[in-house]
Amino acid sequence: MENLNDQFLAEGRELVQSAGDDLVALAARPDDPDRIDAVFRAVHTLKGSTGLFDLRPFGDMLHVAEDLLGALRRKAIVPDAGIIDLLVDCIDQASRWLDAFDAAGSLPADAAQVGRRLQDDIRRLMDPTAPDEPARTEATAVDRSWVDAILDAHPAIPQGDLVAVRYAPREDCFFTGDDPLALVKAIPGLCALSIGARQPWGALDEFDPFRCNLVFDAVSTAPRADVQAALRLVFDQIDLVEIDNSRERHQAASTATREVSARTLRVEVDSIDALGAIADDIVIANNALAHLAAQARGGTAGAVLVQGILANQLTLDRLVGSLHRAVTRIRLMPLSSLFQRFPRLLREIGAKLGKDVALVIDGETIEVDKSLVDGLFEPLLHLLRNAADHGIEPAADRSKAGKPPRGSISLSARRVADQVVIDITDDGKGIDPAQIRQTARARALMPDEALAALSDQETIDLIFTPGFSTAETVTDLSGRGVGMDSVRTAALRLGGRIALSSVPGSGTSVRLALPVSVVLSNVIVVACAGEQYGVPMDAVVETIRIPPDRVVPVRNGRAFVLRDTVVPLLDLSILLGLGLDQAAPGADLRLLVIRRTNGLVAVVVDEFTDRLNLLLRPMSGLLTGTPGLAGTAVLGDGRVLMVLDLPELIA
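In my numbering, the protein residues as written are 462 to 1112.
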């Protein structure tokens, strides 16, 4: 639980900072749609995160701010200084509430009133004739001390997923037909109950037997949705809190000192010792270089110096590789710290949608760079929401389709070479290309002729278009045109790729392929059309040279036989759009043999020039997401080498 709090606070502060910076820029250029989109996404993501902790006033305020930003995106409202000032007030209030949650584990006592005032200001701005929203009782939404109290009073509460319930009946409940005792008795899985007074009883002669002054605190072993269903007639008078099955962890989470996860990293002592040993060896190698410099000044023969420099270079190569691997290992952390956040969230989403959804998690022990864990929460949150909201059908529809009433969503991770592949798959209704085409046509995303020419897969990929949504109504879960475009943006920012596949009636799968970390890659450098490019060695099966007479035409292409296997032949210059190189007549062809899922393919290059260990960095800026580029690396002479993703380039 403490880890969830840390990550929520770290991400929340980053989102607040990002939104604040964009609002400052928006004040100078109120009509900048990119800035409006950026603020909208930050508010949308932060609102979703508040749902993990039942911070109702926080989420309500952000929901109304999201309405205002949505109106700005649709150009239903013209942005002006007053609108931007009001949004800044909301972001400032969000920052104050994050600080309060960090210090006390809850929002301030006046959070409901402060949040409602901001909501009313936004509603009046959007519609001057709109009345203020009626006040709601929020005391129990921010005060969680009663949860600890009932845990202390009932030490024999069973282990498992539990739901704490506070039911504060209205004072006039007896006149409206409510029977508080009967309602409490109907709570499924009731395993603990405490009854207290809402206010002090006072003198006996002032006692009013027709006014209810009771508060019921209970604990249930039933799912939250079942408890909500049993108390649906008095839902405005209850507060539900899902509590940790370990009382010790629950109490520790409320008192532990929180560290900001974005700036801290726990490191094993053994890892520090390993770094220290490498540092010692680097000092020795540096002293060896100083000795060689002294020999050079003393007139030592060049051959002796060259031999010493080469030996020292090999030592430094080994040490640099060891140092990078050690630092990379320190930054690795298991995906469990991220994945464990989603079961509760999905239960909340399912309860709001009235759907029974199970989340199956696999591969949470896979270790990735900490920056990847921090950056994946937003895209995975959107994907799980989409799967539950748009993918999983209602129980009645699933039964008619021959499916079990309970929907299933799987979240899995696996390591493939230097990448982690994360799949989010549901067994829902899938994506109907016809509906996507209809929505795209209604929103005039492209001409009808171009839309009709798209394949089903190309049509489905239109959901990555910014602002695209098939939802008919706006809720706190969907319908605002945010989601898949932000997922793709986040994946590209992390140096990865996203792919989507769907079978109507059977479900949808989204795949994220991301680099585990910034790593030293073994790269072969090749020449092509007068330029040099890098190709990761893990993509190359072998390098060979063949005479031109071994190449035979096959339909519109070329091929050759390699150990009784016909291998297609492609030219790197053509793949890069540089045109066909004119090789010297009779010269041998230099080939990179690449393995793909459907077999081998060979790529013709001009020369094999070098083989290096390079620090490969993902593409950024204007080149982010460029197909066929794995990243860049800086060579020893300062030049930037483009490193190709040949399997993707060939596909």
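Think of the CB as a built atom: it goes at the ideal place given N, C-alpha and C, for glycine as much as any other residue.
This one's a predicted model, so the numbers in the text were calculated from it and none came from an experiment.
Touching by the beta-carbon criterion (3+ pairs, under 8 Å), the region 649-662 and the region 609-616: yes
R875 classed as buried or exposed, judged by whether at least 16 other C-beta atoms fall within 10 angstroms: A residue is called buried when at least 16 other Cβ atoms come within 10 angstroms of its Cβ; R875 does not meet this threshold and is exposed.
CB of V881 within 8 Å of CB of V977, strictly: yes
Segment contact flag, the region 503-513 with the region 470-489, C-beta cutoff 8 Å, min 3 pairs: yes
Alpha helix (DSSP H) segment containing C652, residue limits: Segment 651-658 is the beta strand (DSSP E) holding C652; no alpha helix (DSSP H) there.
Segment contact flag, the region 902-915 with the region 985-992, C-beta cutoff 8 Å, min 3 pairs: no
C-alpha distance - V984 paired with I743, whole-angstrom precision: 24 Å
Distance, Q896 Cα to V1101 Cα: Going from the Cα of V1101 to the Cα of Q896 covers about 45 Å.
Neighbourhood of A629 by C-beta, 7 Å cutoff - its chain only, sequence neighbours within 5 removed: T601, R659, V676, Q698
Inter-residue Cα distance where the pair is A960 and V971: 6 Å
Burial state of F838 (16 or more Cβ within 10 Å): Buried, by the Cβ-count rule.
Beta-carbon proximity list for G576, same chain, < 8 Å, skipping 5 on both sides: P518, F519, D521, M522, Q554
Cα-Cα separation between L1110 and V608, rounded to whole angstroms: 57 Å
Closest Cα partner of V1066 within the set T1093, L1036, L1077, T1087: L1036
C-alpha gap between G942 and S798, whole angstroms: The predicted model places G942 with a pLDDT of 43, which falls under 50 and marks its position as unreliable; any figure quoted below should be read in that light. For G942 and S798, the distance between alpha carbons rounds to 29 Å.
Per DSSP, cross-strand counterpart(s) of N1074: Per the DSSP secondary-structure output, N1074 pairs in a beta bridge with N983.
Beta-carbon spacing of V1062, V1022 below 8 Å: For V1062 and V1022, no; Cβs fall outside 8 Å.
Boundaries of the alpha helix (DSSP H) in which F800 is found, first to last residue: 797-800
Pick from S871, T1026, D498, A819 that is closest to N1059, judged by C-alpha positions: T1026
Exposure label - K864; buried when at least 16 CB within 10 Å: buried
Residues that D1049 bridges to, as DSSP identifies them: Bridge partners of D1049: none, in fact.
Cβ pair count under 8 Å reaching 3, the region 486-495 against the region 533-552: Contact between the region 486-495 and the region 533-552 is present, because at least three Cβ pairs lie under 8 Å.
Check whether L1052 and I1007 have beta carbons under 8 Å apart: yes
Any 3 or more C-beta pairs closer than 8 Å across the region 661-680 and the region 731-745: no
CA-to-CA distance, I885 to L415, given in whole angstroms: Here the chain comprises residues numbered 462 to 1112, so residue 415 is not present and cannot be evaluated.
First and last residue of the uninterrupted alpha helix (DSSP H) at M998: Per DSSP, M998 lies in no alpha helix (DSSP H) segment and is marked neither H nor E.
Candidates I739, A757, N773, V767, of which the one nearest N748 by Cα: N773
Expected contact under 8 Å - CB spacing of I883 and A849 to nearest Å: About 17 Å; that fails the 8 Å criterion.
Proximity below 8 Å, CB of P540 to CB of D492: A contact, by the Cβ cut-off of 8 Å.
Inter-residue Cα distance where the pair is S916 and N847: 23 Å
Proximity winner among G852, G995, I791, A686, relative to R805 (alpha-carbon distances): A686
Under the three-state DSSP convention, the category I885 falls into: strand
Integer-rounded CB distance, given that P965 should sit under 8 Å from D893: About 5 Å separates the beta carbon of D893 from that of P965, a gap short enough to meet the 8 Å contact definition.
Between the CA atoms of P684 and D571 - distance to the nearest angstrom: Answer to the nearest angstrom: the Cα atoms are 30 Å apart.
Beta carbon of I544 nearer than 8 Å to that of L559: no
Cβ pair R958, A952 closer than 8 Å: yes
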